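K.L.:
Sharing a structure here in structure tokens format.
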Amino acid sequence: MATITISAFNWVPDFARGQVRDLVVRWALEEIQQPYQVHLLNAGAVRPTEYLAWQPFDQVPAYRDETGELFESGAILLHLAQDRELLLPSDPAPRMQATSWLFAALNSIEPILRPITLMPLFNGDKEWCSPAVASMLPMAEKRLELLSNALGEKEWLAGQFTIADIMMVYVLRSFGGELINDFGNLLAYRARGIARPAFSRALQAQYDDFTGEPPHGD
Ligand SMILES: N[C@@H](CCC(=O)N[C@@H](CS)C(=O)NCC(=O)O)C(=O)O
């Protein structure tokens with residue numbers, strides 16, 4: 000495969016360390032043992048305006064290889080998985096399942112869990128925060144119950160390990176917290192994903208790249 004460069008941050012606040020979304024790209028690259036370079040940016044500093052041509056929302060990750068450029072972590076995973084049986088089976092039925100579950104992680108699970116986790120972090124001192132979070136819990140519980148039912152006794156969402164599991168485990172790890180405690184199979188699934196050696200290598204690589212300084216030397 001072509002020489003790969005991804006963007007990542009060299010500094011983020013403590014709460015975000017180990018959660019930044021380049022993690023899923025690093026994880027996929029580690030699964031296929033593909034070396035890559037990292038273009039480091041500081042989350043606390045203004046990014047160079049040229050970066051917007053690569054990532055229009057000024058976020059990480061962005062991705063480049065000799066064939067072109069991508070942004071959006073899901074799109075990057077899909078690209079990396081082309082012709083990579085280890086990330087996405089070529090057999091149409093599981094391939095279609097994995098594609099659906101990749102998007103489900105991003106579009107059907109993350110948006111439901113994300114505010115429940117992030118709102119208290121950023122607005123925990125506001126009076127409206129607790130009732131707002133409480134109002135979102137029933138829908139999250141229902142969605143997780145349906146995810147749990149769909150996973151059932153399976154080890155991975157599409158039968159074999161795929162990019163769908165990379166994204167779903169990332170979402171459950173970053174935004175699932177204790178919300179999944181009532182679902183034994185989801186707890187085991189998340190633990191199974193995190194236990195993969197490629198995940199540990201990706202996590203370590205993200206931490207190793209936090210070499211920057213906080214803004215204003217805070
Ligand atoms: N939908 C994008 C989201 C990327 C994203 O949220 N990146 C965060 C880090 S996890 C970021 O760059 N935040 C800095 C900012 O928004 O200024 C993807 O999945 O790639």
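Start counting the sequence shown at 0; every next residue gets the next number (numbering that gives the first Met the number 0).
Glycine included, each C-beta is placed from N, C-alpha and C at the ideal position.
The model shown is predicted, which means the values in this text are computed figures rather than measured ones.
(1) For M138, is the classification buried or exposed, using 16 other Cβ atoms within 10 angstroms of its Cβ as the cut-off for buried?
(2) DSSP three-state call for N122: helix, strand or coil?
(3) Near A243, which residues of its chain fall below 7 Å by C-beta distance, leaving aside the five closest residues on each side in sequence?
(4) For H38, which residues does DSSP report across the bridge?
(5) Using alpha carbons as the reference points, say which of E65, A61, Q159 and D21 lies closest to Y206.
(6) Closer than 6 Å by C-beta to G151: which residues in its own chain qualify, once you throw out the five before and the five after it? Chain order, please.
(7) Quick check: the stretch 171-186 against the stretch 132-148, are there 3 or more CB pairs under 8 Å?
(8) According to DSSP, which residues form a beta bridge with W155?
(9) So, for I108: in the same chain, excluding its five sequence neighbours on each side, which residues have a beta-carbon less than 6 Å away from its beta-carbon?
(10) Helix, strand or coil: how does DSSP classify F102 here?
(11) R189 and G175 look like a contact to me (Cβ under 8 Å); what is the Cβ gap, rounded to whole Å?
P.N.:
To lay it out plainly:
(1) Result: exposed.
(2) Helix.
(3) This structure leaves residue 243 out entirely; the chain is present only between 0 and 217.
(4) Answer is S6.
(5) Of the listed residues, the one whose Cα sits closest to Y206 is D21.
(6) So no residue of the chain qualifies.
(7) Look at the beta carbons and you see the stretch 171-186 touching the stretch 132-148: at least three pairs across the two are nearer than 8 Å.
(8) G158, per the DSSP bridge assignment.
(9) Hits under 6 Å: V170.
(10) For F102, the three-state secondary structure derived from DSSP is helix.
(11) The Cβ separation is near 7 Å, so the contact holds.
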